[in-house]
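Quick note on numbering: the UniProt record's numbering labels position 154 of the sequence shown as 154, and the sequence is numbered without any gaps.
For glycine and all other residues, C-beta sits at the position ideal for the given N, C-alpha and C.
Before any comments, here is the structure.
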Amino acid sequence: MDRRETFRKMLELEHGFRVVDVSTRLPPTDGSGDHGGRPMTAERLEREMHQAGITRSVVFPPSLAGTSYLAPNNGVARRSVDRPFVAFARINGTQTPGRNATGRLRNAVSSREESHTSPEDIEKYAYDDRFHGFVLDPAVDDYPDDDVLAALDDVGLPVIVRGGVDAPPGTLADILLERSFPVVVGSFGGYPLDRSLMTEMIDLLAEYDDCYLETSFVRYRDHLERALMEHPDRVFFGSGAPACHPNVAVMEILTLDVSEDLLRRAFSKNACRVIDPLAPDGDYWR
């Protein structure tokens, strides 16, 4: 038994935690990298998740500026079949935050092109049983316009958004958090490693009942522990794989100074309430 299999057995036998992952990038074709990273295949990603004790993973294509996500989304959905993967569709938009005159003018004259996600695309993804939610990276793809946001309201599926210095908590609150669909903010809203933004995002949980945080690339124990203790139902485990090895991400949560109940909530119970296919009935490894 190699060290990775030993690690998986440790999770299963010593801790007994069921782990689901809401932040995994799956390239749409085998062997392609993520932003210049190491090549990744669906089989290799599945194996690494299994070795880390992760039973189900939300997967989506990497962000690519200026391109339609139709083909990448379909590629990810196709490669999720018969694997413990839950496909989310990546979307893009035409709107900047628009807080200054230049931004407001740009938004006023911007219109959707063929490469942009439309309300009709949202409906097609929502009623295609291969997809179970959406992913947005405002730093690369801007924000959806009002018509697309209204379509997201109508379908009500969760939206995972990459938060950080280019998509700060205040902007996310203005554009997304007042909406009726669940919003899962990646990296505690502070990518890359911005403590002040993470603090601000945790504070906002008190104001927005349908806002959640995922843990990928959060390296500060005090922020992770504070969020879990103050908002025990709002934290989802995210590995950030393949950029971060899932073993490392799991260990960072296991070593927090919180109760086993809070660990179980973070590892699976919280996400399963919002993302139905992550529930135990859907487990591939059983």
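Which residue marks the beginning of the beta strand (DSSP E) containing residue i, and which one marks its end?
i, result
"residue 136", "131 to 136"
"residue 160", "159 to 164"
"residue 190", "183 to 191"
In this structure, what does DSSP give as the bridge partners for residue i?
i, result
"residue 57", "21, 85"
"residue 90", "135"
"residue 217", "Answer by DSSP bridge pairing: none, since residue 217 is not bridged."
"residue 211", "183"
"residue 95", "143"
"residue 236", "214"
"residue 241", "24"
Tell me where the alpha helix (DSSP H) around residue i begins and ends.
i, result
"residue 75", "70 to 80"
"residue 263", "260 to 264"
"residue 196", "195 to 204"
"residue 125", "119 to 126"
"residue 169", "169 to 172"
"residue 253", "246 to 254"
"residue 50", "42 to 51"
"residue 273", "270 to 274"
To the nearest whole angstrom, what separates the beta carbons of residue i and residue j, a pair I think is in contact under 8 angstroms?
i, j, result
"residue 88", "residue 19", "Their Cβ separation, rounded to whole angstroms, is 18 angstroms, which puts residue 88 and residue 19 out of contact at 8 angstroms."
"residue 197", "residue 185", "Incorrect: roughly 10 angstroms between the Cβ atoms, too far for contact."
"residue 79", "residue 42", "4 angstroms"
"residue 39", "residue 76", "No, residue 39 and residue 76 are not in contact; Cβ-Cβ is about 16 angstroms, not under 8 angstroms."
"residue 170", "residue 139", "With 8 angstroms as the limit, residue 170 and residue 139 do not qualify as a contact, their Cβ atoms being about 15 angstroms apart."
Compare the C-alpha of residue i against each of the options and name the closest.
i, options, result
"residue 147", "220, 186, 93", "93"
"residue 192", "275, 60, 220", "220"
"residue 17", "275, 251, 277, 95", "251"
"residue 212", "196, 218, 229, 235", "235"
"residue 195", "176, 97, 218", "218"
"residue 206", "222, 215, 190, 229", "229"
"residue 242", "204, 122, 45", "45"
"residue 143", "111, 125, 123, 204", "111"
"residue 233", "47, 216, 52, 270", "270"
"residue 48", "83, 277, 175", "83"
"residue 65", "30, 137, 81, 27", "137"
"residue 91", "81, 62, 85, 97", "62"
"residue 23", "225, 187, 209", "187"
"residue 175", "258, 77, 97, 209", "97"
"residue 263", "240, 277, 25, 226", "226"
So is residue i in contact with chain C if we call contact Cβ pairs under 9 angstroms?
i, result
"residue 260", "Included in the structure is just one protein chain, with no chain C present."
> Quick one: any contact between the segment 148 to 160 and the segment 176 to 190, if contact means 3 or more CB pairs under 8 angstroms?
Replying inline: yes
>> Would the segment 244 to 257 count as touching the segment 154 to 171 if we require 3 or more Cβ pairs under 8 angstroms?
In response: no
> Is it a yes or a no for the segment 59 to 78 touching the segment 110 to 124, going by three-plus beta-carbon pairs under 8 angstroms?
Replying inline: yes
> So, do the segment 44 to 57 and the segment 126 to 146 have three or more beta carbon pairs nearer to each other than 8 angstroms?
Replying inline: no
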